[in-house]
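Those sequence lines, one after another, are chains P and Y.
1 is the number of the first residue of the first sequence in our numbering; add one for each residue after it.
229 is the number of the first residue of the second sequence in our numbering; add one for each residue after it.
We put the beta carbon where it would ideally sit given N, CA and C, even for glycine.
Since the structure comes first, as structure tokens, the remarks are kept for the end.
There are 2 protein chains.
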Amino acid sequence: MPKILIDMNFSFAEENYIKTIYHLSQAGEVGVSTNAIADQLHTKPASVTDMIRKLANKEVVDYQKYQGVNISEQGKKVALEVIRKHRLWEVFLVEKLKFNWDEVHEIAEQLEHIRSSILTERLDEFLGYPKADPHGDPIPDKEGKFETGPTVALSEMSVDDIGLFVMVANDDPHLLQYLDKMKIKLGMKLKVIDKVVFDGSMQISFSNETPVFLSHQITQHLMIRKVA
Amino acid sequence: MPKILIDMNFSFAEENYIKTIYHLSQAGEVGVSTNAIADQLHTKPASVTDMIRKLANKEVVDYQKYQGVNISEQGKKVALEVIRKHRLWEVFLVEKLKFNWDEVHEIAEQLEHIRSSILTERLDEFLGYPKADPHGDPIPDKEGKFETGPTVALSEMSVDDIGLFVMVANDDPHLLQYLDKMKIKLGMKLKVIDKVVFDGSMQISFSNETPVFLSHQITQHLMIRKVA
DNA sequence: TAAGTAATTTAGATAAATCTAAAAATATTT
DNA sequence: AAATATTTTTAGATTTATCTAAATTACTTA
């Protein structure tokens, strides 16, 4: 018999693990590794093993020793609920409280754990049912559904490809501040001018302006919806 | 040498104890009792003793075995910061998210622990620097200062006294719902029509309407600013 | 494939916040 | 003031989330 998710409560720590495992399994291979989770959460592999055990008992992840974890259907629901709250609060902070988009992540990390489904729905309504957060990441609806066109990392695109910059797949303030400094904003049209094989760096023209130079470390995190 | 408060971080649990001790020492005698704290926080006296010890080490309370606790100057600052956040969030929930005033306490109990001084200031600004929360409780400013005229519990007033209903000194949803049902709202003018010595119950006329009957248990918690 | 390296898990500790049951101190009552 | 009742504290456990160090398993590479 499957446990009733509605009645389940997860601690802040558990929610953070579930969210991280969800993100990592979205972004990559089957079987998320202990080390990857430890890195993401700035904790130690041994701690991850312990927590994974507990989450497996609660049936929010599937786990077999030495084989990595996978998020379960139940776990996906929990993760999407947390992600929904995180992104709604980010919209609130930027749209209503006039924060810059590089300042909101840390605060949203706290707010995402506030427990009240009515609150989430009211906030969503107050914000006008936004479809994306300030970084362009889609906001799941109440049922956990969200729409996104297919996107690729800028680093995967070829010379002369054209696309729309729709999302930053990284919350590091340094990256966001750098993008601000370079005047690179979400929704900008771009064209790949040149790509250096040796180091993967690229020359990109945003909004038909003079091309800028971006390293592979940066282009990896810029998600593009291809246009043509 | 006094510890630097700015650098201090308190856990949710610690903040709740500090807030409760502050409230209890405002509301009553010197030396808040272990049992009173335990009742308020729905915990056991033994747990309270442990926590008080810790808070005394951190110098936010003054404590001597068997003599009860008192909040220190440092502790007062921490308490007022938490109270400030609690009340600002309550205003947000009622004014912006259209919650009823009897629904906000539980959510504000969570939101009051969000750590970000910029957030608090921005929220305050967004709400237009409100002076009181939806229950009429004053909101401390950044420095912990707040203004409030002298108030008395309705239960302490005499026949023919007139006053303004300015605050509910209790967050129990049942009480708030009852007040809603009776159409008793903050800011209403009232007059004491009759007072029964035997049980302390009172007949009160709100806004010159037909008098309503209120038990001592209720009139205890209705705070009145005397008018004449 | 055997050896060496890297990743993962186990075992045993620690810190925070709580609990129960028993002991000690304080208050109250006759 | 002595007896009784209440409050508070101590002692010893428990749970959650961590950690370090050692053991185990899996992966790589020569």
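{"Item": "Residue environment, Gly296 of chain Y, which counts as buried when at least 16 other CB atoms sit within 10 Å", "Value": "buried"}
{"Item": "Under 8 angstroms by beta carbon: chain Y residues contacting Arg115 of chain P", "Value": "Gln338"}
{"Item": "Minimum C-alpha distance to Glu301 of chain Y - residue among Y:Lys286, Y:Met385 and Y:Gln292", "Value": "Y:Lys286"}
{"Item": "Within-8 angstroms CB hit, Leu127 of chain P to chain Y", "Value": "no"}
{"Item": "Within the segment 160 to 184 of chain P, ranges of the alpha helix (DSSP H) (whole runs, at least 4 residues)", "Value": "173 to 181"}
{"Item": "Counted within 10 angstroms of its Cβ, other Cβ atoms place Lys77 of chain P as buried (16 or more) or exposed", "Value": "buried"}
{"Item": "Cβ-heavy atom distance, Val322 of chain Y to the ligand COA, below 7 angstroms", "Value": "Ligands displayed in this structure: none; no statement on the ligand COA is therefore possible."}
{"Item": "Cβ pair Met395 of chain Y, Asp369 of chain Y closer than 8 angstroms", "Value": "no"}
{"Item": "Closer than 8 angstroms to chain P by CB, Leu325 of chain Y", "Value": "yes"}
{"Item": "Interface flag, Arg122 of chain P vs chain Y, CB-CB below 8 angstroms", "Value": "yes"}
{"Item": "Burial state of Glu375 of chain Y (16 or more Cβ within 10 Å)", "Value": "exposed"}
{"Item": "Status (buried if at least 16 other CB within 10 Å, exposed otherwise) for His363 of chain Y", "Value": "buried"}
{"Item": "Same chain only: Cβ atoms within 8 angstroms of Ala381 of chain Y, ignoring 5 sequence neighbours per side", "Value": "Ala397, Thr447, Gln448, His449, Leu450, Met451 and Ile452"}
{"Item": "Chain-ordered neighbours of Leu308 of chain Y on chain P, where CB pairs are closer than 7 angstroms", "Value": "None at all; the shortest Cβ gap to chain P is about 20 angstroms."}
{"Item": "Where Phe327 of chain Y sits in the DSSP three-state scheme", "Value": "coil"}
{"Item": "Whole-angstrom distance between Ile184 of chain P and Asp160 of chain P, CA atom to CA atom", "Value": "19 angstroms"}
{"Item": "Inter-residue spacing [alpha-carbon to alpha-carbon] between Ser205 of chain P and Leu214 of chain P", "Value": "10 angstroms"}
{"Item": "Pick from Y:Phe426, Y:Ile342, Y:Phe393 and Y:Tyr406 that is closest to Asn237 of chain Y, judged by C-alpha positions", "Value": "Y:Ile342"}
{"Item": "Rounded separation between Ile367 of chain Y and Ile52 of chain P - CA only", "Value": "43 angstroms"}
{"Item": "Whole-number beta carbon distance between Val319 of chain Y and Phe361 of chain Y, since they are thought to touch under 8 angstroms", "Value": "The sequence given here places Asp at residue 361 of chain Y; Phe does not occur at that position. Indeed, because the Cβ distance is near 6 angstroms, the residues count as touching under 8 angstroms."}
{"Item": "Interface residues of chain Y facing Ile139 of chain P [CB-CB closer than 9 angstroms]", "Value": "Simply none; closest approach about 17 angstroms."}
{"Item": "Backbone secondary structure at Lys282 of chain Y - three-state DSSP", "Value": "helix"}
{"Item": "DSSP-derived helix/strand/coil call for Asn244 of chain Y", "Value": "helix"}
{"Item": "Inter-residue spacing [alpha-carbon to alpha-carbon] between Ile265 of chain Y and Thr248 of chain Y", "Value": "7 angstroms"}
{"Item": "As assigned by DSSP and simplified to three states, the class of Tyr291 of chain Y", "Value": "strand"}
{"Item": "C-beta contact flag for Asn70 of chain P and Val104 of chain P at 8 angstroms", "Value": "no"}
{"Item": "Per-residue contacts from Ile107 of chain P into chain Y (C-beta, under 9 angstroms)", "Value": "Ile342, Arg343, Ser344, Ile346 and Leu347"}
{"Item": "Burial state of Asp180 of chain P (16 or more Cβ within 10 Å)", "Value": "exposed"}
{"Item": "Beta strand (DSSP E) segment containing Gln203 of chain P, residue limits", "Value": "Met202 to Phe206"}
{"Item": "Local Cβ density within 10 Å of His314 of chain Y, reported as buried at 16 or more and exposed below that", "Value": "buried"}
{"Item": "Buried/exposed call for Ser383 of chain Y, threshold 16 Cβ in 10 Å", "Value": "buried"}
{"Item": "C-beta contact flag for Leu316 of chain Y and Asp352 of chain Y at 8 angstroms", "Value": "yes"}
{"Item": "Cβ pair Ile335 of chain Y, Leu321 of chain Y closer than 8 angstroms", "Value": "yes"}
{"Item": "Strand pairing of Pro366 of chain Y, partner residues [DSSP]", "Value": "Y:Ala360"}
{"Item": "Simplified DSSP state of Asn9 of chain P, which is helix, strand or coil", "Value": "coil"}
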